[in-house]
Amino acid sequence: MLVLNATYEPINVCTVRRAVVLLLKEKAELIERSRRELHSETPPLARPVLIRLITYVSVPRDAHRRKITRRAVFARDSWTCQYCGSRSSLTVDHVIPRSKGGESSWENIVASCAPCNRRKGDRTPRQAGMHPRRAPRTPRAEIFIRVASPSIPSAWLQYLPQAA
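The numbers in the working numbering rise by one with no breaks, and the one at position 32 of the sequence shown is 76.
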């Protein structure tokens, strides 16, 4: 379930159970419901798809401190090799190799297909003549929402920026 802040800004993905607890405690309101229902001792509840918190929650913007995962790097780079544009056999590549002083940071890691990663090897982009199509950057917070959910329900799309 997508959780929106009081300002309709997406802030998190949570379980159905957590969403129902927030609704029952009146800490959130139901924005979008599923056709399916949740059955309990009391009358059936609508299964939430999208909820909005009643009060504003300050969310720290610390994406630079978020753990770097392969899935997050692939999502940030649109599941595309940043050297050739391939969408298969993806791995991650340190643009400046760690052996040459490169760090494991969002600004130094890109998605790369296995052939490009082998071809570049332990060389800098200049030495290999291979430069990323887009400069690696810290992803926006919305990318982690897309990574947390295996599929994005259509009800969420209007709340998620398209260029995430």
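Glycine included, every Cβ here is placed at the ideal spot set by N, Cα and C.
Does DSSP classify residue i as helix, strand or coil?
i      : result
Val154 : strand
Arg77  : strand
Val64  : helix
Arg91  : strand
Val117 : helix
Ala199 : helix
Arg96  : strand
Pro205 : coil
Would you kindly work out how many angstroms separate the C-alpha atoms of residue i and residue j, rounded to a whole number?
i      : j      : result
Ser195 : Leu97  : 22 Å
His175 : Val191 : 26 Å
Pro197 : Arg170 : 42 Å
Val60  : Asp166 : 45 Å
Tyr100 : Gly173 : 49 Å
Leu46  : Ala72  : 12 Å
Asn49  : Val65  : 16 Å
Ile153 : Pro104 : 23 Å
Ser149 : Ser102 : 25 Å
Leu67  : Val136 : 40 Å
Thr86  : Arg77  : 18 Å
Thr168 : Arg178 : 16 Å
Leu82  : Ala90  : 6 Å
Cys187 : Ser84  : It should be pointed out that residue 187 corresponds to Ile in this sequence rather than to Cys. Roughly 34 Å between the two C-alpha positions.
Just to check my reading of the structure: residue i and residue j have Cβ atoms closer than 8 Å, yes? What is that Cβ distance to the nearest angstrom?
i      : j      : result
Val57  : Ile140 : The Cβ separation is near 33 Å, so there is no contact.
Thr124 : Arg115 : About 14 Å separates the two Cβ atoms, so there is no contact after all.
Ile112 : Ala63  : Going by Cβ atoms, the distance from Ile112 to Ala63 rounds to 28 Å, so no, they are not a contact pair.
Tyr203 : Pro92  : The Cβ separation is near 14 Å, so there is no contact.
Which residues mark the beginning and the end of the alpha helix (DSSP H) in which residue i is found?
i      : result
Glu186 : Glu186 to Ala192
Val136 : Val136 -> not in any alpha helix (DSSP H); beta strand (DSSP E) instead, spanning Leu134 to His138.
Pro169 : Pro169 to Ala172
With a 10 Å radius around its C-beta and 16 neighbouring C-beta atoms as the bar for buried, classify residue i as buried or exposed.
i      : result
His108 : Any answer about His108 is weak, because its pLDDT of 48 lies below 50 and its placement is not dependable; what the coordinates show is given next. Counting Cβ neighbours within 10 Å, His108 comes out exposed, since fewer than 16 surround it.
Arg120 : buried
Glu147 : exposed
Tyr127 : buried
Leu201 : exposed
Ser193 : exposed
How is the beta strand (DSSP E) around residue i delimited, first residue to last?
i     : result
Asn49 : Where Asn49 is concerned, there is no enclosing beta strand (DSSP E), given that its DSSP letter is neither H nor E.
Val57 : Pro54 to Val57
Contact criterion: CB-CB distance below 7 Å. Does residue i meet it with respect to chain C?
i      : result
Ala158 : The structure shown contains no chain C, having only a single protein chain.
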